[in-house]
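The opening residue of the sequence shown carries number 827 in our numbering; numbering runs sequentially from there. Inspection log for the structure reproduced underneath, given as structure tokens.
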Amino acid sequence: MNVPSPRVAVVGGGPAGLMAAEIARAAGCQVDLYDRMGSVGRKFLLAGKGGLNLTHGEAFADFVSRYRERQPEVEAWLRDFDADALRAWALGLGVETFVGTSGRVFPSDLKAAPLLRGWVRRLRSQGVSFRMHQSLQRIEFTPNDGLRVHLGTQWGAHAAQFDTVVLALGGGSWPQLGSDGNWTTWLALAGADVSPLAPANGGFELDWSAPFKERFAGAPVKPVRLQWLDAQGRTQERQGEFIVTSQGVEGSLVYAASADLRDRIAQDGHADIVLDLLPDRAQADLANALARPRGKRSIGEHLRRAAKLEGVRAGLLFEVATLEERADPARLAARIKHLPLRLLRTRPLAEAISSAGGVRLEGLDENLMLRARPGVFCAGEMLDWEAPTGGYLLTACFASGVRAGRGAAAWARLRAA
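Written out as structure tokens, the structure is:
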């Protein structure tokens, strides 16, 4: 007698969902992958628009430290599927990778589309069924008969029966690409422990003057050193670059501090940062250079000649420095090296690169199955963890997909036995 293969539904076609589908299919399960968009991996493609930062080449101990308070849980996933495993997996799809000067790892062609096309092609050849334009409405929990998944399409609603379900529904950033965070309400009602979604790796708002905003919105600020307080009140410092926007600031240097800054705003109503506009110049050297006679030159021209400070960095200085500070070379040098800015609000979640919050890991077992709803697994950005940009987000999404796919396959086989 032929025993039917265990049936696994994967809902969500991002990296976590696709990886869960691959793992479950390799374990002998029949896998149907659903996505409400017309194609999978849309946010993945967007991430690769400027060169796909797939993972990071730093040592494992440093790598796992990027996951903050969730390090113990994410580290467990990464011990099963780490940065090296991800690079080997990509090579299996014919995509070679290289480590850039910053330690970030990229495909040799810097593109996401060839990797995604090859991956989908391989999954189809392995027997994964792709079912597009189908959005998850609810899951009916029937302990004796498995799980009944209710889906909506433009042609109406329908339901399908599965032994287990992997949810990889994403967070709430870039909702136009498929992840709108609407699942938080019904999944919480179904018994999941869900933390509210919040922006991660996003920008912040502050009140620029109208002339500064009009002149410098969109300008990159580099190099510059950023100083801020972390959750424990300790001073943190990092050098890099960010972008001035009409509303405030964004960019890689800001994203590196965004979790601490977001939490500080939630706690205090604002977050204070300090910029060193000339990180490669000593304050005493600057003071001596600025003390030279400037004759009839404007202060702006004097700054350009004596300190090589111009453009948006000079604009930032004038935005903050008082007239008294501008007239005193020692005080002006001190302000260049210690320029305070007060961030007032986070930019909306929809604009952020990723999300914080989601399904709390305490409500999941070690295989990422919901304790409150056996047979339902969760993976990817919908889980309550966050990481900075630099390949850490993608790597943990892949690794969580591996963990959830293995767990779902084992559960489905147990039910089908």
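Positions of the beta carbon are idealized from the N, C-alpha and C atoms, including for glycine.
Tell me where the beta strand (DSSP E) around residue i begins and ends.
| i | result |
| --- | --- |
| K1048 | 1046-1055 |
| Y1218 | Where Y1218 is concerned, there is no enclosing beta strand (DSSP E), although the alpha helix (DSSP H) it sits in stretches over 1218-1242. |
| T1148 | First-last for T1148: undefined, no H or E at that position. |
| M958 | 955-958 |
| Q980 | First-last for Q980: undefined, no H or E at that position. |
| T1011 | Where T1011 is concerned, there is no enclosing beta strand (DSSP E), although the alpha helix (DSSP H) it sits in stretches over 1009-1015. |
| L1023 | 1020-1026 |
| L880 | Note, L880: premise wrong, no beta strand (DSSP E); not H, not E. |
Distance, Cα to Cα, residue i vs residue j?
| i | j | result |
| --- | --- | --- |
| Y1218 | L904 | 11 Å |
| V1020 | V1185 | 4 Å |
| W1012 | V1138 | 47 Å |
| P830 | A850 | 15 Å |
| A769 | A873 | Shown here, the chain extends from 827 to 1243; a query on residue 769 therefore has no answer. |
| M827 | A1243 | Note on M827: pLDDT 45, under 50, position unreliable in the model; the coordinate value appears next. Rounded to the nearest angstrom, the two C-alpha atoms are 13 Å apart. |
| G864 | R974 | 23 Å |
| D1094 | Q1073 | 20 Å |
| L1165 | T927 | 29 Å |
| M1208 | A1014 | 13 Å |
Which of helix, strand or coil does DSSP assign to residue i?
| i | result |
| --- | --- |
| D1191 | coil |
| H1128 | helix |
| E922 | coil |
| E1207 | helix |
| F932 | strand |
| F1042 | helix |
| R894 | helix |
| D1154 | coil |
| A1140 | helix |
| G1066 | strand |
| R1123 | coil |
Is the closest heavy atom of the ligand SAH to the C-beta of residue i under 8 Å?
| i | result |
| --- | --- |
| R1157 | Looking at this structure, you won't find the ligand SAH or any other ligand, since it has none at all. |
Please list the terminal residues of the continuous alpha helix (DSSP H) segment that includes residue i.
| i | result |
| --- | --- |
| S1084 | 1078-1094 |
| F889 | 886-890 |
| L844 | 841-852 |
| S1181 | Looking at the DSSP string, S1181 is not in any alpha helix (DSSP H); the run it does join, the beta strand (DSSP E), is 1180-1185. |
| L941 | 939-952 |
Which whole-angstrom value is the C-beta distance of residue i and residue j, which I expect to be below 8 Å?
| i | j | result |
| --- | --- | --- |
| N879 | G1216 | 6 Å |
| F1030 | V1080 | 7 Å |
| H1096 | L1170 | 6 Å |
| G867 | L936 | No, G867 and L936 are not in contact; Cβ-Cβ is about 17 Å, not under 8 Å. |
| Q963 | A983 | 7 Å |
| A847 | V857 | 5 Å |
| D906 | V1146 | That pair is no contact at about 48 Å. |
| A1238 | V834 | 5 Å |
| G996 | G840 | 6 Å |
State the beta-bridge partners of residue i as determined by DSSP.
| i | result |
| --- | --- |
| T990 | V834 |
| T968 | G972 |
| P1166 | V1100 |
| D1111 | Per DSSP, none; premise fails for D1111. |
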